[in-house]
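Protein chains in written order, with my numbering: chain A, 3 to 324; chain B, 3 to 324. Heads up, the beta-carbon is just placed ideally off N, CA and C, and yes, glycines get one too. Notes for the one structure printed next.
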């Protein structure tokens, strides 16, 4: 393939954290330079110990930089925990794990934000420093914060996710600030670009990773209006989520725990729904209007898995081109 | 000796960083509990990478907690540098060394200050967490910032001291904010307490560590008015400073580089000037009105050295009591 700008290939991937980052990395490795833009959820962002922390943005950035910890599944490889130990001794809240090298990202980002740069500019600067050549954008430069509606009341996302380890029963979600937030300008421009090749919704949690992005003013409308095909990869295989609380949330929301519920969630928005090959029986039963089903190996354990899934998506895109 | 409150012993020590912290530790070890209050210079404080850093306060705190690096002379023992490495990769200014465990202090302090606590309250909280039982006070809760007047112009203290490694030629000093700042209330209360046993000016830099404290509104006046004797230990022995740029500054200010210049600097303020035993010849020539000379071993290499000097000061105090 020629380079992104030469080839005219323009892929927009929407991602949450770990699962989405895997596919983003696969796409980055099989696409020509300049062809991929990744928009990451920032509704998980929060302030902790006075630092601005952007978990999904960092997971994608670290993964694209090749410095993420693939065994633990989050944070940086070869991480140490000296500062956190000392913070604990000083009486700081200890529920959120911050490695020494990871802390540098939060310290640097927080300082640049306080100097008046917006999150997009700071992200671009951090990515350059880490030799990430993919365009990585926060979904918005404005604050949007996921609140998890539980029986105990509303919990900020990281309190639910990390501090409470997803134990509370979920009744719904609210994305504070979403209606006032503006989608990141380059993101919105891509969505309305007639040259856009495709949008790929990565296998991220539909409720807390993808919905915050889709619900930004103008995004859903632009996706529906765009001539570019919209793909979504299911984060649910069989009755399990590969990572995180998506399956548990589904059950608590009264939905069948299966990729079929994800397909229904994306009804009217997604043109091609990508399911794992092991879900063939279920796939035959899904009948969402205007939605095609594509079967692919969606479990991404190795780097080869990530590249293979990315390549199959691109091959399908090429086959379906007018 | 009985405990501080029982014995009625109340010692107030004024300190900068490393040299002052050594004597503060010696005093802490030979005095009964509750008898010592240390007031540290905060005119070296600065904001770096978005964090509030208080070098002298931390040096004293770490020294009193027994967790300072005695070989390197600053920072924490057993320190690691993972976060700093990562910060450097992210393009952060790299001239100020911040260890992983040290960073915890700055992160925690910065967060508590942003929550609205004052520096005294934050210092007390950090000291409690580190099991420091001596009362350690910042000289003020208001910002005072040392500016070093050099041929190149005015430099903030840490830029002069760390970034430029004291290379620029010094013409003078300015303590921005000093006139508006209020001396820490408990510090000022001690100065005017008729029960105060003595004030000990630690062997710190007279220009940039002690003068910022002495020049706070009301401090010099209270020191002069206090019936308590004021001791000062010379940071200059022979023609050298044991630590830091005091000797170089003296030379550049056109002063003879010797303890005699320190004595002259404290004229009218100090009752007993403590010089190193090796300076006996010089001592015989010093004749400051109202100032007695005390000879003592002031080089504090070992813990025993620190305790011995502290004990000699206390013995002298006891001998001179009415």
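Bridge pairing for residue 322 of chain A: absent [DSSP]. The alpha helix (DSSP H) runs of length 4 or more contained entirely in the segment 73-118 of chain B are, from start to end of the chain, 84-91, 102-116. Contact of residue 84 of chain A with chain B is assigned, a C-beta pair being separated by under 7 Å. In the structure shown, residue 54 of chain B adopts extended strand secondary structure according to DSSP, grouped into three states. With respect to chain B, the C-beta atom of residue 138 of chain A has no partner C-beta closer than 7 Å. With respect to the C-alpha of residue 144 of chain A, the residue from A/136, A/94, A/240, A/121 having the closest C-alpha is A/121. Cα atoms of residue 95 of chain A and residue 127 of chain A: separation of roughly 29 Å, rounded to the nearest angstrom.
Proximity of residue 52 of chain B to chain A, defined by a Cβ-Cβ separation below 7 Å, is satisfied.
With respect to residue 51 of chain B, residue 109 of chain A sits close: the two C-beta atoms are nearer than 7 Å.
Put simply, the backbone Cα of residue 55 of chain A is about 12 Å away from that of residue 77 of chain A. Annotation: residue 194 of chain B to residue 79 of chain A spans about 57 Å, alpha carbon to alpha carbon. The three-state reading of DSSP puts residue 36 of chain B in coil, since its state is none of H, G, I, E or B.
Taking CB atoms only, residue 105 of chain B has a neighbour in chain A less than 7 Å away. Note: residue 201 of chain B is bridge-paired with B/14, B/232 in the DSSP secondary-structure output. Under the DSSP definition of a beta bridge, residue 48 of chain A partners with A/55. In this structure, the beta-carbon distance from residue 17 of chain B to residue 206 of chain B falls below 7 Å. Taking the CA atoms as reference points, residue 247 of chain A sits about 34 Å from residue 112 of chain B.
Contact of residue 89 of chain B with chain A is assigned, a C-beta pair being separated by under 7 Å. Taking the beta carbon of residue 128 of chain A as reference, the chain B residues within 8 Å of it are 92, listed in sequence order. Contact with chain B is found for residue 102 of chain A, since one of that chain's Cβ atoms lies less than 7 Å from the residue's Cβ. Check the Cα spacing between residue 164 of chain A and each of A/85, A/46, A/90: the tightest is with A/46. At a cut-off of 7 Å, the C-beta of residue 261 of chain B has no neighbouring C-beta in chain A. Burial state of residue 99 of chain B is exposed, judged by a 10 Å Cβ sphere holding fewer than 16 other Cβ atoms.
Of the residues A/212, A/228, A/281, A/81, the one whose Cα lies closest to the Cα of residue 105 of chain A is A/81. Using a Cβ-Cβ cut-off of 7 Å, residue 112 of chain B counts as an interface residue toward chain A, since at least one Cβ of chain A sits closer than that to its own. When the alpha-carbon of residue 66 of chain A is set against those of A/175, A/130, A/215, the nearest one is in A/130.
Along the segment 65-80 of chain A, none of the residues has a CB nearer than 7 Å to a CB of chain B. In the displayed model, residue 254 of chain A falls within a helix according to three-state DSSP.
With respect to the 7 Å criterion, residue 14 of chain B and residue 201 of chain B are classified as neighbours on the basis of their beta carbons. Per DSSP, residue 183 of chain A lies in no beta strand (DSSP E) segment and is marked neither H nor E. If you draw a straight line from the Cα of residue 134 of chain B to the Cα of residue 186 of chain B, it is about 19 Å long.
Residue 294 of chain A: not part of any alpha helix (DSSP H); member of the beta strand (DSSP E) spanning 294-298, first to last residue.
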